[in-house]
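First to last, the protein sequences are chains A and B. Here the numbering used here is used: the first residue of the first sequence is 51, the next is one more, and so on. Here the numbering used here is used: the first residue of the second sequence is 51, the next is one more, and so on. Virtual Cβ for every residue (Gly too), placed ideally from N, Cα, C.
2 protein chains.
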Amino acid sequence: MKLVLLSGGSGKRLWPLSNDSRSKQFLRLLDRGDGVLESMVQRVWRQLKNVGLAEFAYVATGKVQREMIRSHLGEEVSIIVEPERRDTFPAIALASVYLYSIERMSSDETVAVLPVDPYVEESFFLQVKRLDPVLRRSGADLALIGIRPLFPSEKYGYIVPFGKSLEGRNPFTVESASDYFSVSHFREKPKAEEAQKLIDAGALWNAGVFAFTLGTMIRWLAERSYPLQYEELVKQYERLPNISFDYEVVEKTDRIVVLPYEGAWKDLGTWNTLTEEMGSPILGKGVISEDSKNSRIVNELDLPVAVLGVSDVVVAASPDGILVTSKEASPRVKELMKDHVQMPMYEERRWGWYRILDYTHFEDGQEVLTKRIAIHEGKYITYQIHFKRSETWTVIRGEGELAMEGEIRTVQAGEVIQIPPGTPHGIRALTEMELIEVQQGKELIEEDIMRIYSTWDEVVQALVKDESKQVE
Amino acid sequence: MKLVLLSGGSGKRLWPLSNDSRSKQFLRLLDRGDGVLESMVQRVWRQLKNVGLAEFAYVATGKVQREMIRSHLGEEVSIIVEPERRDTFPAIALASVYLYSIERMSSDETVAVLPVDPYVEESFFLQVKRLDPVLRRSGADLALIGIRPLFPSEKYGYIVPFGKSLEGRNPFTVESASDYFSVSHFREKPKAEEAQKLIDAGALWNAGVFAFTLGTMIRWLAERSYPLQYEELVKQYERLPNISFDYEVVEKTDRIVVLPYEGAWKDLGTWNTLTEEMGSPILGKGVISEDSKNSRIVNELDLPVAVLGVSDVVVAASPDGILVTSKEASPRVKELMKDHVQMPMYEERRWGWYRILDYTHFEDGQEVLTKRIAIHEGKYITYQIHFKRSETWTVIRGEGELAMEGEIRTVQAGEVIQIPPGTPHGIRALTEMELIEVQQGKELIEEDIMRIYSTWDEVVQALVKDESKQVE
Numbered sequence: 051m052k053l054v055l056l057s058g059g060s061g062k063r064l065w066p067l068s069n070d071s072r073s074k075q076f077l078r079l080l081d082r083g084d085g086v087l088e089s090m091v092q093r094v095w096r097q098l099k100n101v102g103l104a105e106f107a108y109v110a111t112g113k114v115q116r117e118m119i120r121s122h123l124g125e126e127v128s129i130i131v132e133p134e135r136r137d138t139f140p141a142i143a144l145a146s147v148y149l150y151s152i153e154r155m156s157s158d159e160t161v162a163v164l165p166v167d168p169y170v171e172e173s174f175f176l177q178v179k180r181l182d183p184v185l186r187r188s189g190a191d192l193a194l195i196g197i198r199p200l201f202p203s204e205k206y207g208y209i210v211p212f213g214k215s216l217e218g219r220n221p222f223t224v225e226s227a228s229d230y231f232s233v234s235h236f237r238e239k240p241k242a243e244e245a246q247k248l249i250d251a252g253a254l255w256n257a258g259v260f261a262f263t264l265g266t267m268i269r270w271l272a273e274r275s276y277p278l279q280y281e282e283l284v285k286q287y288e289r290l291p292n293i294s295f296d297y298e299v300v301e302k303t304d305r306i307v308v309l310p311y312e313g314a315w316k317d318l319g320t321w322n323t324l325t326e327e328m329g330s331p332i333l334g335k336g337v338i339s340e341d342s343k344n345s346r347i348v349n350e351l352d353l354p355v356a357v358l359g360v361s362d363v364v365v366a367a368s369p370d371g372i373l374v375t376s377k378e379a380s381p382r383v384k385e386l387m388k389d390h391v392q393m394p395m396y397e398e399r400r401w402g403w404y405r406i407l408d409y410t411h412f413e414d415g416q417e418v419l420t421k422r423i424a425i426h427e428g429k430y431i432t433y434q435i436h437f438k439r440s441e442t443w444t445v446i447r448g449e450g451e452l453a454m455e456g457e458i459r460t461v462q463a464g465e466v467i468q469i470p471p472g473t474p475h476g477i478r479a480l481t482e483m484e485l486i487e488v489q490q491g492k493e494l495i496e497e498d499i500m501r502i503y504s505t506w507d508e509v510v511q512a513l514v515k516d517e518s519k520q521v522e
Numbered sequence: 051m052k053l054v055l056l057s058g059g060s061g062k063r064l065w066p067l068s069n070d071s072r073s074k075q076f077l078r079l080l081d082r083g084d085g086v087l088e089s090m091v092q093r094v095w096r097q098l099k100n101v102g103l104a105e106f107a108y109v110a111t112g113k114v115q116r117e118m119i120r121s122h123l124g125e126e127v128s129i130i131v132e133p134e135r136r137d138t139f140p141a142i143a144l145a146s147v148y149l150y151s152i153e154r155m156s157s158d159e160t161v162a163v164l165p166v167d168p169y170v171e172e173s174f175f176l177q178v179k180r181l182d183p184v185l186r187r188s189g190a191d192l193a194l195i196g197i198r199p200l201f202p203s204e205k206y207g208y209i210v211p212f213g214k215s216l217e218g219r220n221p222f223t224v225e226s227a228s229d230y231f232s233v234s235h236f237r238e239k240p241k242a243e244e245a246q247k248l249i250d251a252g253a254l255w256n257a258g259v260f261a262f263t264l265g266t267m268i269r270w271l272a273e274r275s276y277p278l279q280y281e282e283l284v285k286q287y288e289r290l291p292n293i294s295f296d297y298e299v300v301e302k303t304d305r306i307v308v309l310p311y312e313g314a315w316k317d318l319g320t321w322n323t324l325t326e327e328m329g330s331p332i333l334g335k336g337v338i339s340e341d342s343k344n345s346r347i348v349n350e351l352d353l354p355v356a357v358l359g360v361s362d363v364v365v366a367a368s369p370d371g372i373l374v375t376s377k378e379a380s381p382r383v384k385e386l387m388k389d390h391v392q393m394p395m396y397e398e399r400r401w402g403w404y405r406i407l408d409y410t411h412f413e414d415g416q417e418v419l420t421k422r423i424a425i426h427e428g429k430y431i432t433y434q435i436h437f438k439r440s441e442t443w444t445v446i447r448g449e450g451e452l453a454m455e456g457e458i459r460t461v462q463a464g465e466v467i468q469i470p471p472g473t474p475h476g477i478r479a480l481t482e483m484e485l486i487e488v489q490q491g492k493e494l495i496e497e498d499i500m501r502i503y504s505t506w507d508e509v510v511q512a513l514v515k516d517e518s519k520q521v522e
């Protein structure tokens, strides 16, 4: 059995902490139990490890999130890269073709696809594990996970089992955790009254988990003449219908079974739900007056946040902005900020992170961007050239190897490196290392970069060769 | 007639915008009428100019505020420097002795002392001007301004006129603006019921304005054996009772008159009152959702502030911190933040301003402080040495003269200057100039500074002399 975790989302619903490069699943806000904070994706990965599933898991995601995934889950995680972010049908089709044509997996292999960030108990993943035998025993084309509904929600999708096959049994009076049910049909976001009737008839919330054998999916794609080679499908990726797997596949499939899950399942996608799962009312620097009841602070800035005489609010502050919202109104933040475009002020990268300290566009067109950059021990920013900007690096912590103008030398805290436009440069941290970088130029954009080598080994080889040439 | 404006206050009531170096009177939040924002002290100065009093005014203040005063009011303003911030009695005594012994003013001169930041109409200062003839005509020792009370406030002091001398007249049925009244007594912060009775009897709010002839005050001080020479009083300043002028002088004086003022008079010392006088609900970057009624944003940061579904709040953000307060609770901010000590993140200086972008104290004791520094055209940071820190300056705007290690040379945007510990350095802006400064050391404190020369002329002279020496 293989797992495919879908990691998407552009994340304006948790603005200002989430942004285009940091979707909600990457926010390190959840208490792991030992006081250390973890992200939603880290929590899921930890749970998968505990039930022995992590080693069989792939993360399917776009280029933008690739470095974040590695930064959160480590270098060893297997990633299936999507050429662009699209809906769940193209993502699952691509992942299946990847497992089939690149990993050359057997058609008989069970593949379970799930969101990267369900907020659930560990037993949820035990049920995911049971989808493999359930699929085989039932002979169904698809096996799903159904959540025991807690109330007649109007927000979720419902999986309705066959009345007949239930023979009056409610899915939660089942004898064992591996008892499954045949699915009659689905109902998306019903009104509360209808939802209650569905619940009374044994319907379950759809958890967005889909299990199938690789052969079933490949046959489905082949019948519709989709390419079955990964490289080819990547090329044609934008031609796939941008539609959910539910609509494109599930609703057109006859033999579907559902396995119930009885534990907690929460949508932590908005500030009111997320802050309920925070261990403490204040994350980061802050103070809340005694008469401010049930208010929360999530503060990633160095500045203190004070809440005085205001109840039931969430104050979220990050280098991207400051949100003050009533808990009730917090789901509307995406709407309020929909026209707000800005460069992300904090980004995690494979090699470390950076934070923008200051940005100015002077009247004469000159731009200045000041960043604090951290490079983890052993990691590097590869040999590259900027054409439109100069950079000044003041090393403020640690020690590293600087590659510049065909030479490699050691630099350490206190040293200053000036990099004029057009000068090749790269740096590798020998210890944890930090820099203050001042960029100056007429057009400070990420795209003004020419990478000369992609690994540090190549840099070392090339520069050492260069040197020997000069000696001759 | 001379005016003395008392500028004090340490300003936690308007945290995070006010701090120890930027009291509330220096916040540039008031709409001047043409869209330009001005501070309370600038507003008063503009009003004093309009009524022809500015040229006769002195500002009495502590060392800390001296540079802020010049930055707000210009270089030409006359400042009487107090060796430390104390209450109004010592401040007024020192100012009087300064006018007497340094400015050698006549004993006959009228001196009117007033707070630097009353939020009033221009006619208030016309009344201040009339205190001179009122004092002469009445033969009183002190002449005050009384505000027509709008409601029985429990927060203010009341000036109670003699019932007899009023002969049944209410101070506001006077025939001309220069009609004054003899004062019977004072009442501080009465309960509302008593306040109403006082108002019915013609009492006025005390505006904190005191006019006297210089001779009267000098005689008063001489009788109590206080030094009458400024330098001597400065030396003994800490021995003066730290008490208000009201308690020490006014309450012990018999012949006092009061001149009524009928216009608006507001205390803008808390966020709820101050934000009422803002032209727009949002100052700086921000957005307020439509369902957030009567909320205000005052944002000095580069980040946007969003208020969603929260009514009647003030969000104030500055490099010192972020406050979210209900309007009602806002007077309690001083109390909430009383134990909060921090270095001011933004300071205005005579030569320009600086803003702290980043500060870190690493585990090994090493500290790093990154600042953005602006130096106004023609201004300079004088020749100085730091012993415990290095500095890296990346010039990001404009052009200046750098004095370093005995040499003066021109530097401009794009250049980087490294200043190791123990290296004398100074800089003068030839145009508006900005730097990013990275300080590194074991103890980054303001006191680690040895100023070698105090003016740029001295620097030029000394370094040119040095150079000629070297040439010989």
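In this structure, the beta-carbon distance from residue 429 of chain A to residue 379 of chain A does not fall below 7 Å. When CB distances to chain A are screened at a threshold of 9 Å, not a single residue of the stretch 69-91 of chain B falls below it. Close to residue 486 of chain B, with beta-carbon spacing below 7 Å, are these residues of chain A in chain order: 420 and 488. Taking the beta carbon of residue 378 of chain A as reference, the chain B residues within 9 Å of it are 359, listed in sequence order.
Under the DSSP assignment, residue 405 of chain A falls in the beta strand (DSSP E) whose first and last residues are 402-411. Taken atom to atom, the span from the alpha-carbon of residue 423 of chain B to that of residue 444 of chain B is near 10 Å. Under the 7 Å criterion on CB atoms, residue 437 of chain A is classed as non-interfacial with respect to chain B. Going by DSSP, residue 437 of chain B is part of no alpha helix (DSSP H) at all; its letter is neither H nor E. If you ignore the 5 residues before and after residue 256 of chain A, its C-beta comes within less than 6 Å of the C-beta of 207 and 209, all in its own chain and listed in chain order. Sequence-ordered contacts of the stretch 457-478 of chain B with chain A read 463, 464, 466 and 468 [C-beta pairs closer than 8 Å].
Looking from the CA of residue 354 of chain B, the closest CA among B/500, B/332 and B/361 belongs to B/332. In the three-state DSSP reduction, residue 499 of chain B falls in the coil class, being neither helix nor strand.
Taken in chain order, the complete beta strand (DSSP E) segments of 3 or more residues contained in the stretch 464-511 of chain A are 466-469, 475-479 and 483-491.
Within chain B, not a single residue places a beta-carbon under 9 Å from that of residue 269 of chain A; the smallest gap is close to 49 Å. When Cβ pairs closer than 8 Å are counted between the two stretches, the stretch 314-323 of chain A is seen not to touch the stretch 239-252 of chain A, the count staying below three. The shortest CA-to-CA distance from residue 393 of chain A to any of A/404, A/383, A/386 and A/385 is the one to A/404. Within the same chain, no Cβ atom closer than 6 Å to the Cβ of residue 508 of chain A is found once the five residues on either side in sequence are excluded.
Note that the stretch 93-104 of chain A does not touch the stretch 326-345 of chain A; fewer than 3 beta-carbon pairs, one per stretch, sit closer than 8 Å. Note that the stretch 289-308 of chain A touches the stretch 190-204 of chain A; at least 3 beta-carbon pairs, one per stretch, sit closer than 8 Å. About 5 Å separates the beta carbons of residue 407 of chain A and residue 408 of chain B, which is inside the 8 Å limit, making them a contact pair. Here the C-alpha atom of residue 180 of chain A lies approximately 57 Å from the C-alpha atom of residue 440 of chain A.
Residue 446 of chain B has a beta carbon lying within less than 7 Å of a beta carbon in chain A. Judged by DSSP secondary structure, residue 259 of chain B falls within the beta strand (DSSP E) whose first and last residues are 254-263. Residue range 138-147 is occupied by the alpha helix (DSSP H) that includes residue 146 of chain B, with no beta strand (DSSP E) assigned at that position.
The alpha carbon of residue 326 of chain A has as its nearest neighbour, out of A/364, A/292, A/134 and A/338, the alpha carbon of A/364. Put simply, of B/300, B/118, B/188 and B/492 the residue whose alpha carbon is nearest the alpha carbon of residue 401 of chain B is B/118. When DSSP reads this structure, residue 81 of chain B sits in a beta bridge with B/87. By the Cβ rule, the stretch 290-301 of chain A counts as touching the stretch 128-141 of chain A, because three or more pairs are nearer than 8 Å. For residue 381 of chain B, no Cβ of chain A is located within less than 7 Å of the residue's own Cβ. Contact between residue 376 of chain B and residue 336 of chain A is absent: CB atoms are separated by about 17 Å, not below the 8 Å threshold.
Taking C-alpha positions only, residue 89 of chain B is separated from residue 398 of chain B by approximately 13 Å.
Taking 7 Å as the cut-off, the beta carbon of residue 339 of chain B is found no closer than this to the beta carbon of residue 66 of chain B.
Here residue 418 of chain B has 410 and 490 as same chain residues with Cβ atoms under 6 Å from its own Cβ, once five neighbours each way along the sequence are excluded. For residue 123 of chain B, the enclosing alpha helix (DSSP H) starts and ends at 113-123.
For residue 176 of chain A, the enclosing alpha helix (DSSP H) begins and ends at 172-188. Around the beta carbon of residue 200 of chain A, fewer than 16 other beta carbons sit within 10 angstroms, so the residue counts as exposed.
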